[in-house]
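Numbering-wise, the numbering used here comes out as the position in the sequence shown, counting from 1, plus 57. All residues carry an ideal CB built from backbone N, CA and C; glycine is no exception. One structure below.
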Amino acid sequence: MAGRISDEDIALVRERSPIADIVGEHIQLRNAGGGNLKGLCPFHEEKSPSFNVTPARGYWYCFGCTEGGDVITFVRRLEHLSFGEAVERLANRAGIQLRYEQGGYVPGREQGERSRLIEAHRAAAEFYAAKLAVPEAAPGRKFLSERGFERVDAERFGVGYAPAEWEALTRHLMARGFTAAELVKGGLAKEGRRGPIDRFRGRLVWPIRDITGDVIGFGARKLNDAEDGPKYLNTPDSPLYKKSEVLYGVDLAKREISKRSQAVIVEGYTDVMACHLAGVPTAVATCGTAFGAEHIKVLRRLLLDQAGSQGEVVFTFDGDAAGQKAALRAFADEQKFVTQTYVAVQPAGLDPCDLRVRHGDAAVQNLIASREPLFAFAIRSVISRYDVSTNEGRLSALDAAAPIVAGIKDRALRQLYGVDLDRWLGFNNERFVMERIAEISAAAQPRQGRPAPRRVAELTDPGVRTEAEVLKLAVQRPALLAPRFDAIGPEAFTLPEHIALYKLVADAGGVNAAGEGGRAWVDRLLAVSGEGLRGMVTRFAVEELRVDAATEERYAADLLAALETISVSRAIDQMRSRLERTDLAGGPEEYRRLFAELNALERRRRVLKERAAGS
């Protein structure tokens with residue numbers, strides 16, 4: 058049984074782990090006055106910063122999601138650790154050797170799983186780096202040299218070599234006290250017929266670090282193209298490594314990204330190295346997967362991406378058709394940034410690494426400086442597929458580019474790109490082009506199955522979405538809502554059809570009488586429903602719930618609390634409006650009565666929020 062970390066050591070960890078430094082490794086913090094710092098919350102999506110840090114007291118709090126705590130709580134919440142694992146992680150960072158009660162300290166034995174895996178990866182990175190110097194690694198050194206990298210560059214980025222043996226790393230790490238199960242779980246080894254074998258063999262290896270600098274995985278390139286296996290091989294998803302969230306080089310680039318308000322997205326490990334060495338220290342790369350939503354979250358926090366931000370995200374792609382396709386995929390994610398998004402494409406199709414080898418550091422810097430807005434690049438890429446010297450070709454290009462322009466959310470920017478599209482195609486008729494864009498956009502919407510007004514409201518209004526989810530549970534899993542649902546009343550709902558469905562459930566006996574629900578309960582609802590509600594009952598009976606079975610009770614309780622909070626908030630707004638229209642001098646008794654009701658509603662809302670926070 059693992060011992061308990063001593064209270065004195067926990068206090069020491071807090072003392073030697075400045076909260077501004079720890080939080081600042083993950084998000085950009087700016088002075089908010091009064092000794093406070095502010096940034097974008099890492100725990101929920103937001104457009105303006107509501108995450109506050111008070112270094113003097115060692116606490117953080119987000120006014121958006123109402124999460125808060127000390128430095129240990131932050132690390133626990135961010136990295137999904139237990140209390141002990143979070144303390145150990147911070148202790149390792151601060152160079153503190155922890156003491157464990159109930160049996161004393163045994164190095165390594167009581168460490169949490171994450172700490173053990175981090176230690177194993179650190180040892181693996183050292184092993185691989187040392188092996189780059191052995192004679193067998195000559196092809197790897199040649200590979201680096203041909204791409205303009207010297208020995209000192211390999212050391213800076215931790216590049217190493219995985220011996221072409223079945224168990225070289227496995228034997229090394231097991232001799233240092235790591236178990237076979239740990240190596241397999243961390244992705245360093247995999248199960249062979251006679252036990253664990255190395256995952257990477259005969260490859261050049263790059264350590265992949267998280268934003269704090271800990272090694273969490275590896276990317277490996279095959280050195281003999283004639284051998285079986287993919288050219289690049291990455292660590293599989295593990296307790297440390299999630300490829301959809303990892304950006305190679307972010308540990309080196311994070312401070313420059315924050316300082317320059319710029320992030321450069323490249324496609325490979327050598328491209329990151331080339332950019333940093335050429336004077337573009339904001340470069341990062343994805344690891345074996347396309348750039349996606351989780352990567353955006355990481356960059357938004359570093360860029361402090363918000364309204365009024367002057368930041369930049371620059372994508373570099375090859376100039377060929379595959380590169381253009383990658384850029385158009387990025388277009389779908391562009392508008393999740395508030396910062397401006399650009400594309401930098403080398404006309405000859407050279408990536409940053411090859412560009413540096415052939416033309417030097419300045420060429421890499423010039424590539425980034427010559428960036429083009431992503432919207433413009435996406436539109437031009439589509440136009441380039443057509444012969445715009447003919448009327449037919451120009452019209453086809455217009456029809457192909459119109460959905461891109463129509464998809465720009467900013468109305469003014471959409472108008473300006475419509476003007477550009479007219480100019481690029483040579484129509485000299487802005488009105489015609491804008492009307493055509495509108496026609497193509499409207500035609501793209503399915504004529505049958507177009508969302509009804511109720512469905513549109515459900516997709517755009519969080520309160521209405523909450524109503525729909527609660528009613529879906531009332532139809533599918535009524536026992537999760539009993540008995541609170543039956544007591545909230547129809548006034549908690551806003552859409553007429555939602556109010557009608559709530560009353561229908563009540564007419565059928567309420568969720569308290571529905572038991573576990575199932576087919577019999579749906580049949581009962583359908584039996585008492587009119588024609589107008591049968592479709593909604595059926596849809597809610599078959600639509601997938603947004604939660605798994607393991608957490609559905611918490612989910613139901615949170616939904617009910619949210620619905621009640623929204624309902625009370627709506628009543629508070631109405632009460633405030635009535636107070637504003639009530640003259641204190643002309644009707645003091647009425648004013649005091651309304652004010653008392655307002656206070657009661659606000660107390661009720663506070664209770665609901667506290668209940669939700671404690672559930």
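Quiz item: For A454, which residues from the same chain have a beta carbon less than 8 Å from its beta carbon, with the 5 sequence-adjacent residues on both sides left out?
Solution: In chain order, V439, I440, R442, Y443, V445 and L482 place their CB closer than 8 Å to the CB of A454, counting only its own chain and leaving out the 5 sequence neighbours on each side.
Quiz item: Do the region 231-241 and the region 184-204 touch if we need at least three Cβ pairs shorter than 8 Å?
Solution: Judged by Cβ distances under 8 Å, the region 231-241 makes no contact with the region 184-204, as fewer than three pairs qualify.
Quiz item: Apart from the five residues on each side of it in sequence, which residues of its chain come closer than 7 Å, Cβ to Cβ, to C332?
Solution: Closer than 7 Å at Cβ, skipping near neighbours: V321, V323, A340, P409 and V421.
Exercise. Using the Cα positions of V585 and R635, report the straight-line distance between them to the nearest angstrom.
Key: Those two C-alpha atoms are separated by around 39 Å.
Quiz item: Just to confirm, are G115 and D127 a CB contact at a threshold of 8 Å?
Solution: Inclusion of G115 and D127 in the CB contact set at 8 Å is warranted, their separation being smaller than that value.
Practice problem: Just the C-alpha distance for A59 and T622, rounded to the nearest angstrom, thanks. | Solution: Only weak support is given to the placement of A59: the predicted model assigns it a pLDDT of 48, under 50, and the value that follows is read from those uncertain coordinates. Answer to the nearest angstrom: the Cα atoms are 42 Å apart.
Practice problem: Please go through the same chain and pick out, in chain order, the residues whose beta-carbon is closer than 6 Å to the beta-carbon of G567, but skip the five residues on each side of it. | Solution: So the list reads D543, once near-sequence residues are dropped.
Quiz prompt | Beta-carbon spacing of L174, Y218 below 8 Å | solution = No.
Exercise. Kindly give me the distance between the Cβ atoms of V70 and A186, rounded to whole angstroms, as I take these residues to be in contact under 8 Å.
Key: Actually they do not touch by this definition, with Cβ atoms about 29 Å apart.
Quiz item: What does DSSP give as the partner residues of K199 in its beta bridges?
Solution: BP columns for K199 are empty, so no partner.
Exercise. Please classify A335: does DSSP put it in a helix, a strand, or coil?
Key: Looking at A335 - three-state DSSP - the assignment turns out to be coil, as it is neither helix nor strand.
Quiz prompt | Cβ-based burial, N109 [other Cβ within 10 Å; buried from 16] | solution = N109 should be labelled buried.
Quiz item: Can you check whether the CB of R358 is closer than 8 Å to the CB of P99?
Solution: Pairing P99 with R358 gives a Cβ-Cβ distance under 8 Å.
Practice problem: Please go through the same chain and pick out, in chain order, the residues whose beta-carbon is closer than 7 Å to the beta-carbon of I494, but skip the five residues on each side of it. | Solution: Within the same chain, I494 has close Cβ partners A459, V462, A463 and G475.
Exercise. Measure the alpha-carbon distance for A426 versus K354 and round it to whole angstroms.
Key: Approximately 25 Å between the Cα atoms of the pair.
Practice problem: Could you have a look at N486 and say whether DSSP puts it in helix, strand or coil? | Solution: It is coil, neither helix nor strand.
Exercise. Please go through the same chain and pick out, in chain order, the residues whose beta-carbon is closer than 6 Å to the beta-carbon of W223, but skip the five residues on each side of it.
Key: Close CB contacts of W223 within its chain, under the 6 Å cut and outside five residues either way in sequence, are with I254 (chain order).
Self-check item: Which residues DSSP lists as bridging V371, in chain order
Solution: Its beta-bridge partners are V321 and Y399.
Quiz prompt | Neighbourhood of V490 by C-beta distance below 7 Å, restricted to the same chain and skipping five residues each side | solution = Closer than 7 Å at Cβ, skipping near neighbours: L455, G475, L478, D479 and F484.
Quiz prompt | C-alpha gap between G121 and S107, whole angstroms | solution = Each residue's Cα considered, the two are about 6 Å apart.
Practice problem: Determine the DSSP secondary structure at G161, reduced to helix, strand or coil. | Solution: Residue confidence for G161 is low, a pLDDT of 46 falling below 50, so the modelled location carries little weight and cannot support an answer.
Quiz item: So the beta strand (DSSP E) P264 belongs to, where does it begin and stop?
Solution: Its beta strand (DSSP E) spans residues R260 to R266.
Self-check item: Own chain, CB closer than 7 Å to R213, minus 5 neighbours either side, in chain order
Solution: Contacts found: none.
Exercise. Report, in whole angstroms, the separation of the C-beta atoms of G349 and T292, which I expect to be a contact under 8 Å.
Key: A Cβ-Cβ distance of about 18 Å is found for the pair G349 and T292, leaving them out of contact under the 8 Å criterion.
Exercise. Can you grab the Cα-Cα spacing for the pair I129 / N149, in whole Å?
Key: Taking the straight line from one Cα to the other gives about 13 Å.
Self-check item: Inter-residue Cα distance where the pair is T327 and E102
Solution: Here the alpha carbon of T327 sits roughly 32 Å from the alpha carbon of E102.
Self-check item: Close-in-space but distant-in-sequence residues of the same chain around V579 (CB under 6 Å, 5 per side omitted)
Solution: Hits under 6 Å: A598.
Quiz item: From A246 to P338, what does the alpha carbon distance come to, in whole angstroms?
Solution: Pairing A246 with P338, the inter-Cα distance amounts to about 32 Å.
Exercise. Note down the Cα distance separating K300 from T343, rounded to an integer number of angstroms.
Key: Put simply, the backbone Cα of K300 is about 8 Å away from that of T343.
Quiz item: Hey, is L530's beta-carbon within less than 8 Å of any beta-carbon in chain C?
Solution: Reference to chain C is not applicable here, since this structure consists of a single protein chain.
Quiz item: What are the start and end residues of the alpha helix (DSSP H) that includes N423?
Solution: Taken as a continuous stretch (DSSP letters only), the alpha helix (DSSP H) holding N423 covers D418 to A426.
Quiz item: Which residues in the same chain as N93 place their Cβ atom closer than 6 Å to its Cβ, once the five residues preceding and following it in sequence are excluded?
Solution: N109 and T111, listed in sequence order.
Quiz item: To the nearest angstrom, how far is it from the Cα of A514 to the Cα of L620?
Solution: Its pLDDT being 46, under 50, A514 is placed unreliably by the model, and the measurement read from it follows with that caveat. Whole-angstrom Cα-Cα distance: 16 Å.
Quiz item: For the candidate residues E176, E369 and E526, whose alpha-carbon lies nearest to that of T236?
Solution: Per the Cα distances, E176.
Quiz item: Excluding sequence positions up to five away, which residues of its chain have a Cβ less than 7 Å from the Cβ of L655?
Solution: So the list reads I629, M632, R633 and L636, once near-sequence residues are dropped.
Quiz item: According to DSSP, what are the bridge partners of E429?
Solution: DSSP lists V400 as partners of E429.
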